[in-house]
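These notes concern the structure reproduced below.
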Amino acid sequence: MIRVQREDFDIGAELDALCRGKTGIGGLASFVGLVRDLAGDRRIGAMTLEHYPGMTERALAEIEAEAHRRWPLDAVLIIHRYGRLEPGERIVLVATASAHRQAAFDGCQFLIDWLKTKAPFWKLEETPEGPRWVDAQASDDTAAERWSR
Amino acid sequence: MIRVQREDFDIGAELDALCRGKTGIGGLASFVGLVRDLAGDRRIGAMTLEHYPGMTERALAEIEAEAHRRWPLDAVLIIHRYGRLEPGERIVLVATASAHRQAAFDGCQFLIDWLKTKAPFWKLEETPEGPRWVDAQASDDTAAERWSR
Amino acid sequence: MKLLYFAWLRAKIGIAEERVDPPAGVATVAALLDWLRTRGPGFAEALKDLKVVRVAVNQEHVGRDHPLRPGDEVALFPPVTGG
Amino acid sequence: MKLLYFAWLRAKIGIAEERVDPPAGVATVAALLDWLRTRGPGFAEALKDLKVVRVAVNQEHVGRDHPLRPGDEVALFPPVTGG
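So the protein sequences, as listed, match chains A, B, C and D.
The first sequence begins at 383 in my numbering and counts up by one.
The second sequence begins at 383 in my numbering and counts up by one.
The third sequence begins at 161 in my numbering and counts up by one.
The fourth sequence begins at 161 in my numbering and counts up by one.
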């Protein structure tokens with residue numbers, strides 16, 4: 383399941399809903415990305431997440447489908463927020479449930495690695511020197527590439 | 383933080399408490415282990431988790447400390463239940479928070495891998511043929527060994 | 161053809177969305193980028209370094225040689241930074 | 161010396177906890193296991209295959225050559241299966 387929304391989400395409620403009625407699940411891996419108050423040595427007041435409505439949903443659905451193709455997953459969840467977020471706020475939740483924990487872990491890491499290089503979101507940070515668009519990180523490309531085949 | 387308890391836990395509340403006030407956290411990885419209704423091809427009615435009070439807490443505290451030594455983690459959480467649990471019920475929650483997502487993922491996977499081979503818990507399954515102690519799995523040893531050094 | 165601009169590309173170009181009718185020779189993404197650069201200083205500045213410009217056609221990431229058709233939705237944006 | 165038994169070791173031996181005073185020669189974990197096997201059929205059955213018996217002394221995993229002292233808490237159990 384994928385969702386793109388402005389509002390915050392309740393991790394516990396989302397994960398409960400994901401697993402409800404599925405008693406073959408042995409492991410549930412999840413990852414939450416949060417707004418940090420520091421980026422390198424710049425202090426961040428807040429950030430605004432811009433996205434490409436329509437393409438975002440397509441990209442996330444494709445990432446979800448690819449995770450199902452690669453691992454035996456009982457459930458996949460991607461929730462990504464947009465709009466203005468302050469430090470400590472949740473940005474994204476990805477989760478995978480499987481009979482086996484390694485599939486859950488690998489699938490979950492795949493989701494966030496691919497999302498970071500394929501889903502059309504952009505971060506504008508509020509810094510003491512004014513607004514600043516976040517640059518893509520080479521480390522994110524490296525992380526995504528380990529899943530290429 | 384570690385906890386050994388009979389009662390269920392609320393994943394969202396636990397993760398919120400873990401991150402509260404820590405605005406340097408960029409990533410929060412977590413894993414929940416659940417009771418499956420199948421083990422291999424045996425149908426499981428329920429299972430009872432026995433543990434070694436005292437040693438359990440020591441073992442979990444040591445695993446927590448080792449995760450902190452190995453990765454730059456802002457917070458570590460291990461909650462493990464004991465007693466009788468039915469399919470779909472939560473057994474264990476491990477979570478790690480870090481400025482960087484790879485540290486969070488690696489730390490989280492380390493926690494569950496070490497816990498499965500070092501923490502004194504034993505599972506007694508209720509099967510149609512009667513109660514059956516779960517055997518340790520070679521794959522768990524293999525998973526734990528990748529963190530040896 | 162519908163064009164969309166995101167993040168600092170939108171900020172530099174000064175518009176988020178427009179409808180254009182490129183010259184007949186503009187049949188690929190590469191040709192579109194070359195033509196857009198001639199449309200004013202904002203475009204020239206935004207498209208100065210094409211290494212940091214990504215393109216989606218009909219909401220799919222595409223390469224520079226991707227063919228274009230009149231009804232396409234073409235989006236230009238920097239490398240993504242979500243998650 | 162306090163002895164604790166867990167999981168199927170407890171079930172086969174039939175007790176969860178006892179206080180024992182082993183003979184003077186029992187100075188290591190290996191010697192304790194050998195002595196325990198002589199204490200009855202439940203012990204012999206539980207300790208038949210020592211490859212699947214783990215030992216903790218004072219709540220720490222130890223090897224077979226670990227030395228024992230009178231006040232120790234010694235626990236015997238199968239390989240753990242939590243998580």
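Even for Gly, the Cβ is constructed at its ideal location relative to N, Cα and C.
Within the region 489 to 508 of chain B, those residues whose Cβ lies closer than 7 Å to any Cβ of chain A are, in chain order, Gln491 and Ile494.
Contact annotation: Val516/B and Ile473/B have beta-carbon atoms that are not nearer than 8 Å. Given a length threshold of 3 residues, each whole run of the beta strand (DSSP E) inside the region 183 to 224 of chain C is given here in chain order: 214 to 217 and 220 to 222. Contacts with chain B (Cβ-Cβ distance below 9 Å) from the region 164 to 196 of chain D involve Leu164, Phe166, Ala167, Trp168, Arg170 and Ala171, listed in chain order. The Cβ of Ala399/B sits no closer than 8 Å to any Cβ of chain A. The three-state reading of DSSP puts Glu448/A in helix, counting H, G and I together. Legend: CB atoms of the region 406 to 432 of chain A lying less than 7 Å from CB atoms of chain B belong to residues Gly406, Ile407, Gly408, Gly409, Leu410, Ala411, Ser412, Phe413, Val414, Gly415, Leu416, Arg418, Asp419 and Leu420.
Under DSSP, the beta-bridge partners assigned to Glu508/B are Ala428/B and Pro513/B. For Phe413/A, DSSP records a beta bridge to Val476/A and Ala411/B.
Take Ala167/C, set aside five residues on each side of it, and the residues of its chain with a beta-carbon closer than 7 Å to its own are Phe237 and Pro238, in chain order. Using a 10 angstroms sphere on the CB of Val180/C, the tally of other CB atoms stays under 16, which defines it as exposed. DSSP places Gly394/B inside the alpha helix (DSSP H), whose first and last residues are Ile393 to Cys401.
Considering only Arg199/D, Leu192/D, Gly242/D and Ala216/D, the residue with the shortest C-alpha distance to Ile175/D is Arg199/D.
Look at the beta carbons and you see the region 416 to 434 of chain B touching the region 464 to 471 of chain B: at least three pairs across the two are nearer than 8 Å.
At the C-beta level, Ala501/A and Val240/C come within 8 Å of one another. Look at Glu178/D here: in three-state DSSP terms it is strand. Under the Cβ distance rule, Val458/A does not count among the residues neighbouring chain C, no pair being separated by less than 8 Å. Counting along the chain, Lys162/D sits inside the beta strand (DSSP E) bounded by residues Lys162 to Tyr165.
From the listed residues Asp456/B, Glu507/B and Arg385/B, the smallest Cα separation to Ala441/B is found for Arg385/B. Its Cα nearest to that of Leu459/B, the residue Ile445/B stands out among His433/B, Ile445/B, Lys505/B and Asp522/B. Residues of chain B whose Cβ lies closer than 7 Å to the Cβ of Ile393/A are, in chain order, Ile393, Gly394 and Leu397.
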